[in-house]
Each structure stands twice: as C-alpha cells, then as structure tokens.
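Number of protein chains: 2
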Amino acid sequence: MNINAYDCGSVKHLSTLFKLLAEPNRLKILCSLGLECRPVSDIIESTELSQTNVSFHLRALREAGLVKPERKGAFIYYCLPDPELLRLLGDFRHWLEEHQKEKTIV
Amino acid sequence: MNINAYDCGSVKHLSTLFKLLAEPNRLKILCSLGLECRPVSDIIESTELSQTNVSFHLRALREAGLVKPERKGAFIYYCLPDPELLRLLGDFRHWLEEHQKEKTIV
DNA sequence: TACGCATATGAATATTAACGCATATGACTG
DNA sequence: CAGTCATATGCGTTAATATTCATATGCGTA
Numbered sequence: 006m007n008i009n010a011y012d013c014g015s016v017k018h019l020s021t022l023f024k025l026l027a028e029p030n031r032l033k034i035l036c037s038l039g040l041e042c043r044p045v046s047d048i049i050e051s052t053e054l055s056q057t058n059v060s061f062h063l064r065a066l067r068e069a070g071l072v073k074p075e076r077k078g079a080f081i082y083y084c085l086p087d088p089e090l091l092r093l094l095g096d097f098r099h100w101l102e103e104h105q106k107e108k109t110i111v
Numbered sequence: 006m007n008i009n010a011y012d013c014g015s016v017k018h019l020s021t022l023f024k025l026l027a028e029p030n031r032l033k034i035l036c037s038l039g040l041e042c043r044p045v046s047d048i049i050e051s052t053e054l055s056q057t058n059v060s061f062h063l064r065a066l067r068e069a070g071l072v073k074p075e076r077k078g079a080f081i082y083y084c085l086p087d088p089e090l091l092r093l094l095g096d097f098r099h100w101l102e103e104h105q106k107e108k109t110i111v
C-alpha cells in the first residue's frame, strides 16, 4: 500500500462490519429496533420476515456484538448495546442522499 | 415497521452501499486511492490483486459513483469524487475500535 | 411433569458474488 | 497502419450467503 494511501485501519474488521450491514434484512432489523429493546416476535412482525430468517440474522448480529439479547420470561428482548451505531447509519444515509444528487448510486 | 423504529431511510440504497464497502478488496482499493487520483496500474501494484480483479471491482465502484475515472493518455486515473466518504470510513473505524474494547466483533 | 409458546438450530437448497482465463478495445509510438 | 501497452469485458467455475422446512430447546403455567 503506497505512502499516500488512506489508513482505513483493519480492512478485515471493517469489511466484516459492512458485510453485516450490507444485508437488507439485517439492516431492517437494526432499524426496527431503533433505541428500544424488543422481543423477537416484534421484530418478526415489523420486518415481515420468517421466524427462522429473523433468528438467523439475529445470530449474526449478536455474534458480532451489534445486538444484545436479554431474556425476560419466555421472551428474548434484543437491543443495540451502542446506539451510536444508529448515528453512523444516519451519517451514511445523509451522505447517500447528498451524493445521489450528483452521481447516481443504483 | 413500528412507530419507534429508527428511520434508516432507504434500506435498499443503504445496503447497496454497504455491500460495495463489504468486499475487502474494494475497501483496499478505496483506501489505496485515498485523496489522490491514481492509474489502475498503481492500484494493481499496491493492492497486489490481479488486473482482472481490480478492473472488476473498479467497475462496481464506478457504477455506484464511488470512484470516478479520468483518462490521461493511455492511462485511466481513478479518484474518489467525494472524499467525505473517507471520513465516514474513518468514523466507522473509530467506532469499531471503541466497540471492540467491550464486545468482540469477529 | 406435561403442555404450549418463543426462539434457536441443522440440513438442504437457492441465489449471489468473486475470481481467473481468454480476448477485446482504445490510445500512444514508430 | 502495425505493434504495444493500459484497461475493460464475456464467460465459466467456484465459493459464500440467504432462505426455508423440519425439528429441537428452554421457559412458564396448569
């Protein structure tokens, strides 16, 4: 990598994170959580995904520490342990909106 | 999507963007560009990827408007039209570093 | 302890994306 | 205008990832 290259830190870690966020349904799940803690059944309802599929994606997010499960009786509530992530998503969203005015991202 | 859900804007567009950033080699390419414009041959050298592969990823980035080609004689120089993207990457990087201190993202 | 509901997991399939090879295009140079 | 260098593209193969179905687990309650 050349001398003027931008230091992106660990490309491997960054791409792992982006890969998690790149799946539309995972993104939906994160957004549906927002700042609240919700049981899986809620997530299933608001995302309109199959139970299996939600569970599958929650596992990925959980293993990466992007969501945190907390059992309450028969239910398991999920939340974002660090809401700062939502801010970052918002930043990207804004950038995308600005960016789209000029170039077109499909 | 429920009333308290976080508004992520267009999940589709966001995920398209993240998918582009999720590929380690594409990320490498972006980082190797940094703020400078460089010919493809430079990128090939600094990323140590095959010519075909670099060209393949550049196409994806180009079509999304994340990089912009500019012909100079026999060479085609690529640059980031909006360096703000690097700042966003940096934000994620920092978040990741902070985040890792507590949870472990694999 | 037996049953029902909430969630997780395993296995099989479907879909998508990366990569390399061969070849094409487009520009400069003699 | 023929040859060479830089880059792009089409195609086939392989690898990764999402999705579903069927089933298991774990908690609460009768």
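Heads up: the protein sequence lines correspond to chains A and B, in order.
Heads up: the first sequence begins at 6 in the working numbering, then just goes up one per residue.
Heads up: the second sequence begins at 6 in the working numbering, then just goes up one per residue.
Just so it is clear, CB atoms sit at the ideal spot from N, CA and C, and this is done for glycine as well.
Computed from a predicted structure; not experimentally measured.
{"Asked": "So, with DSSP's three-state summary, where would you put C84 of chain A?", "Found": "strand"}
{"Asked": "Quick check on E75 of chain A: does DSSP put it in helix, strand or coil?", "Found": "strand"}
{"Asked": "So, is the C-beta of G14 of chain A closer than 7 Å to a C-beta in chain B?", "Found": "yes"}
{"Asked": "Do Y11 of chain A and C84 of chain B have their C-beta atoms closer together than 7 Å?", "Found": "no"}
{"Asked": "Should L40 of chain A be labelled buried (16 or more other beta-carbon atoms within 10 Å of its own) or exposed?", "Found": "exposed"}
{"Asked": "Along chain B, which residues have their Cβ under 8 Å away from the Cβ of S5 of chain A?", "Found": "Nothing about residue 5 of chain A can be reported from this structure: the residues present for chain A run from 6 to 111 only."}
{"Asked": "Using only the alpha-carbon positions, how far apart do G14 of chain A and K33 of chain B sit?", "Found": "10 Å"}
{"Asked": "So that I know if they touch, is there some Cβ in chain A lying closer than 7 Å to that of S20 of chain B?", "Found": "yes"}
{"Asked": "Check whether chain B comes within 7 Å of R98 of chain A, counting only Cβ atoms and requiring the distance to be less than that.", "Found": "yes"}
{"Asked": "Bridge partners for F43 of chain B per DSSP, in chain order?", "Found": "As written in the sequence, residue 43 of chain B is Arg, which differs from the Phe given in the question. In DSSP, R43 of chain B forms a bridge with B:Y83."}
{"Asked": "Give me the subset of the stretch 74 to 89 of chain B whose CB atoms are less than 8 Å from a CB atom of chain A, sorted by chain position.", "Found": "P86, D87 and E89"}
{"Asked": "Consider the Cβ of K106 of chain B: report whether some Cβ of chain A lies at a distance smaller than 7 Å.", "Found": "no"}
{"Asked": "Under three-state DSSP, which class holds D12 of chain A?", "Found": "coil"}
{"Asked": "Would a C-beta distance cut-off of 7 Å place P88 of chain B and I81 of chain B closer than the cut-off?", "Found": "no"}
{"Asked": "Taking the beta carbon of F3 of chain B as the centre, do at least 16 other beta carbons fall within 10 Å, making it buried, or is it exposed?", "Found": "Residue 3 of chain B is absent from the structure shown; chain B starts at 6 and stops at 111."}
{"Asked": "Measure from the C-beta of A27 of chain B to each C-beta in chain A and report whether the shortest distance is under 7 Å.", "Found": "yes"}
{"Asked": "Between L66 of chain B and chain A, is any beta-carbon pair separated by less than 7 Å?", "Found": "no"}
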